[in-house]
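Below is one structure, written out as structure tokens; comments come after it.
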Amino acid sequence: MVDQTQALAADPAPANSTFGRLTEKLPPHVWFGVSAVFHYLGPAFAVLLFPHVGVLGMAWLRIATAALIFAPLTRPWRTFARADRSTRLLLLAFGACLAVMNCSFYLALDRLPISLVAAIEFVGTIGVAVVGLRSPRNLAALAVAVAGTLLLIDVRWSDDPIGLFWAFLNGALFVGYIVLGHRVAASGAGSGIAGLGAAMAIAFVVVLPIGFTDALPAFFSPLLLLAAIGVGICSSVIPYICDQLAMSRLPRASFALMLSLLPVTATLIGVVVLRQIPSFADCLGIALVVAGVAFHKPANTD
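Position one of the sequence shown corresponds to residue 43 (the numbering used here), numbered consecutively onward.
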């Protein structure tokens, strides 16, 4: 059966705010598009900071930035206190997933090309989409999107088993992020992004013992600290907020299929940030992915 996603529970205050009205007015595909742009933009800049703050230090700074920004906006301590036991366990699982996923993602990027890490990350999402998509049209759309993704990224094996371990762990946790993210969005864990704020605070605590020491050099260099904060905002705050706003109104299977756009944004970011010009095969892959996303029909959400 298709796992249907319910709208995020909203308190009267957020619902009447300008931001609340904006989140309801814009279609979920717009929020996903914004998330897709920032999903690899932040990590692309993060790789440049690894020599200065370490891999796990950068992961901690990324999560710490997001947690500190979310805290005054979502009051995670209040969300956690008001939640029932099952919702608390869900938030703990989501927070732990965010923490380990971010660490494994950066550990993989430190050893493997971003294209290979992205390819492995996407493999797990195919299984999520296949479970939920039942119509011939959606299966065909998924096939087209997958073909485009494989052509675009050129999945290849590496002789670095440790890097592959972190990449596959990140891919598995990314599936967990999709599943748990939908459950948090449907659980009514506070209003709007309150559930995400609580999970990010939990992730901050999980990563603190292993990343804080490596991150210390950033606190003695204002420029380095600002750069790390910028990476944190681009990597965790913007895409995760947009993901939650999209998840709250899209079925899990449809969201998973739209994730096939991520290789497209990775290629475009490679052009803009890294000056990597795509080949004809890359352009063809982009076209196939976009066609698959445009052709698919979201499942009913009622």
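From the three backbone atoms N, C-alpha and C, an ideal C-beta is built for every residue, glycine too.
Notebook entry, point to check: Buried or exposed: Pro-128, going by 16 or more other Cβ atoms within 10 Å of its Cβ?
Noted result: The question names Pro, but residue 128 in the sequence shown is Ser. Exposed.
Next item on the list: Give the straight-line distance between the Cα atoms of Ala-227 and Thr-309, rounded to the nearest whole angstrom.
Entry: 30 Å
Notebook entry, point to check: From Leu-184, Ile-162, Ile-156, Leu-292, pick the residue whose C-alpha is nearest to that of Val-221; which is it?
Noted result: Leu-292
Note to self: Residues in the same chain with beta-carbon distance under 7 Å from Leu-326, minus the five sequence neighbours each way, listed in chain order, please.
What the structure shows: Leu-193
Check: My guess is that Pro-70 and Leu-287 are in contact by the Cβ rule of under 8 Å, so how many angstroms apart are they, rounded?
Finding: 7 Å
Item checked: Range of the contiguous alpha helix (DSSP H) that encloses Phe-80 -> 70-95
Next item on the list: Indicate whether Val-249 and Ala-125 have their beta-carbon atoms separated by less than 9 Å.
Entry: no
Next item on the list: Can you have a look at Glu-66 and say buried or exposed, based on whether 16 or more other CB atoms are within 10 angstroms of its CB?
Entry: exposed
Check: To which residues of the same chain is Ala-270 closer than 8 Å at the C-beta, ignoring the five residues directly before and after it?
Finding: Leu-91, Val-95, Met-100, Leu-103, Arg-104, Thr-107, Ala-257, Ala-260
Next item on the list: Taking Cys-139 as the reference, give the member of Phe-87, Ile-275, Met-242, Thr-255 with the closest Cα.
Entry: Met-242
Item checked: CB of Asn-180 within 9 Å of CB of Ala-245, strictly -> no
Margin query: Just verifying my parser: in three-state terms, what is the DSSP assignment at Asp-324?
Written below: helix
Item checked: Cβ distance (whole Å) where Phe-136 is taken to contact Gly-223 below 8 Å -> 7 Å
Item checked: Segment limits, alpha helix (DSSP H) that includes Val-248 -> 236-257
Item checked: Assigned secondary structure, Asp-285 (DSSP; H/G/I helix, E/B strand, else coil) -> helix
Checklist line | Close beta carbons around Val-76, own chain, < 6 Å, minus the five adjacent residues each side | finding: Cys-284
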